[in-house]
Amino acid sequence: MYDELKKYEDKMEKTVQVLEGEFLSIRAGRANPHVLDKVTVDYYGQPTPLNQVGNITVPEARVLMIQPWDVKIVKDIERALHASDIGITPNSDGKIIRLIFPELTEERRMELTKDIKKKGEDSKIAIRNIRRDAIDHFKRAEKAREITEDDLKDLEDQTQKLTDRFILDIDNHVTNKTKEIMTV
1 MYDELKKYED
11 KMEKTVQVLE
21 GEFLSIRAGR
31 ANPHVLDKVT
41 VDYYGQPTPL
51 NQVGNITVPE
61 ARVLMIQPWD
71 VKIVKDIERA
81 LHASDIGITP
91 NSDGKIIRLI
101 FPELTEERRM
111 ELTKDIKKKG
121 EDSKIAIRNI
131 RRDAIDHFKR
141 AEKAREITED
151 DLKDLEDQTQ
161 KLTDRFILDI
171 DNHVTNKTKE
181 IMTV
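In structure tokens, the structure reads:
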């Protein structure tokens, strides 16, 4: 039954990893190549991730530079960037595409902070749902006489400790990302 607890712990871990990935795509006034992770380019009829058709570098704090390996697809990359929701207009010289990130306004910082807190709260709800599923599973096992009542209490306690640990982890991620966004 303790193997089952490990499965629920892994689910909680994945929830935190998804949140970390979402936070990487939120731009904080500095250029971060991860904002382009979800941008795909139509490359010879195939939707291809942007990082697979060229180099993405950060030459300055607020500039991303995209150097396609095939110069013929510069226009396709520009189209993909316009169609994406990153909200930045690409500048191109025909060979290299530059994305210049504007400074975040106070209003935009507040919006991002609100979004970060919502994503954090959604992740905490997911963790609590995993806890509920785990405890229900253990209670069914106890009713089926697969585990003793003492084992049930022990598993419930361990599940709660895992939940508390992961919720604290989420709170720390939210706090750190909020500080990063609010730092001018």
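Throughout the sequence shown, residue numbering follows full-length UniProt numbering, covering 1 to 184 in sequence. Where is the CB? At the ideal position from N, CA and C, for every residue including glycine. Predicted model, so just to flag it, every value in this text is computed and none were measured.
query	result
Alpha helix (DSSP H) runs wholly inside the segment 66-149, at least 4 long, in chain order	74-83 and 106-143
Three-state class that DSSP yields for D42 in the structure shown	strand
T57 in three-state terms, based on DSSP	strand
Neighbour-count burial assignment, M12, 16 or more Cβ in a 10 Å radius	buried
Helix, strand or coil at T183 according to DSSP, with G and I counted as helix	coil
Backbone CA spacing between G45 and G54 [nearest angstrom]	17 Å
Nearest candidate by alpha-carbon position, reference Q52, set Q17, I26, E149 and K38	K38
C-beta contact flag for residue 185 and V174 at 8 Å	Only positions 1 to 184 of the chain appear in the structure, and residue 185 is not among them; the question remains open.
Cβ-based burial, S123 [other Cβ within 10 Å; buried from 16]	buried
Own chain partners of D171 with C-beta closer than 6 Å, once the 5 adjacent residues on each side are dropped	none
Whole-Å CB distance - A31 paired with V63, under 8 Å assumed	6 Å
Spatial neighbours of Q67 in its chain, beta-carbon cut-off 6 Å, leaving aside the 5 residues before and after	G54, N55 and I96
Residue burial classification, G87 (beta-carbon count within 10 angstroms, cutoff 16)	exposed
Cβ contact check for the segment 138-151 and the segment 103-112: 3 or more pairs under 8 Å	no
Within 8 Å, strictly: CB atoms of L19 and A134	no
Rounded distance between the beta-carbons of T163 and I127, thought under 8 Å	6 Å
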